[in-house]
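Residue numbers for the sequence shown follow my numbering, so the first one is 2 and each next one is one higher. Glycine included, every Cβ here is placed at the ideal spot set by N, Cα and C. From a predicted model like this one, the values you see are computed outputs, not experimental measurements. A short worksheet on the structure shown next.
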Amino acid sequence: MPYLDREGDVFILGLGDRAPEGEAPADNENRFAPEWILAVHELLDEVEAHEGPAALVTTSAGKFYTNGLDTTWVFSNLEKLPSYLDSIHGVYSRLLTLPMVTVAAVTGHAFGGGAMLALAHDFRVMRADRGYFCLPEVTLNMPFTVGMSALVTGRLPKQNAIEAMLTGRRYGGSDALAAGIVDETADGDNVLAAAVARAAASTAVRGANLAGIKQGIHRDTLTALATITDESNFKFG
């Protein structure tokens, strides 16, 4: 389950299980199970309750940053799919408006909803030598919700968003940097350190004013993410 660490004024939210001391991290896919979503909100509550300068980095250990939707849960609970998607939209919206700078340390694969989670951050640092950013929905015959489409097209250069959404291209670190998907790449195990350094440079701007600026920047995307998912705007299968 997600967990929280801290380095100075930078909070580090791990998206998967914490590796036992002295052991290699497991290659968990860190998918968005309902309990995972709840845990993330609880940890963000803890971060926001902190007073004073702050910033947030999300990261993971192992092969995956996050593989997004918990498809096993989805196919066992299709009648709950609309509300499940709305709960994911809630995570994206919260990150987009968090009253502190946010940085995604993309240390492994970021696919589908996981790639969109990275896009909901202010900045992204991606590992240069391993891992892909990919929106595979078109190849899986899955639609984007209204909110997800707005998130991608609002956060990426338009033609690059079109390429990512219509082709399912897998972007390695250098390709993602060139396409404007990430802001920085780092080699090997230096991704988290680079993300923390970027976040630490902006801890002083934390607060309501920053949140208001973010709400203005992302107004259209936030409106789309607040659209209730139903059969009129999302058909699955």
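Check, Outcome
"Secondary structure of Tyr133, DSSP reduced to three states", "coil"
"For His90, three-class secondary structure by DSSP", "helix"
"Residue closest to Gly213, alpha-carbon to alpha-carbon, out of Phe65, Ser150, Met101, Ala111", "Met101"
"The stretch 30-48 / the stretch 71-90 touching (three or more Cβ pairs under 8 Å)", "yes"
"Proximity of Gly115 and Asn191 at Cβ, strictly below 7 Å", "no"
"Cβ-based neighbour list, Thr140, same chain, cut-off 7 Å, excluding 5 preceding and 5 following", "Gly169"
"Where the alpha helix (DSSP H) through Leu43 begins and ends", "Checking the displayed sequence, the identity of residue 43 turns out to be Glu instead of Leu. Per DSSP, Glu43 belongs to the alpha helix (DSSP H) from 35-50."
"Unbroken alpha helix (DSSP H) run spanning Ile214, endpoints", "209-218"
"Nearest candidate by alpha-carbon position, reference Thr204, set Thr98, Pro3, Val11", "Val11"
"Three-state class that DSSP yields for Ile182 in the structure shown", "coil"
"Ser61 versus Ile218, Tyr172, Met127, Asp176, residue with shortest Cα-Cα distance", "Met127"
"Identity of the residues DSSP links to Asp176 by a beta bridge", "Note: Asp176 sits in no beta bridge, so no partner."
"Integer Cβ distance of Pro158 from Gly181, believed to fall under 8 Å", "5 Å"
"Leu152 and Tyr85 closer than 7 Å at C-beta", "no"
"Short Cβ contact (7 Å threshold) for Ala202 with Gly148", "no"
"Under 7 Å between C-beta atoms of Phe134 and Ala195", "no"
"Neighbour-count burial assignment, Lys215, 16 or more Cβ in a 10 Å radius", "buried"
"Euclidean distance between Cα positions of Asn234 and Met166", "17 Å"
"Ala209 versus Asp221 - alpha carbon distance", "20 Å"
"Element boundaries [alpha helix (DSSP H), containing Gly114]", "114-120"
"Three-state class that DSSP yields for Asp71 in the structure shown", "coil"
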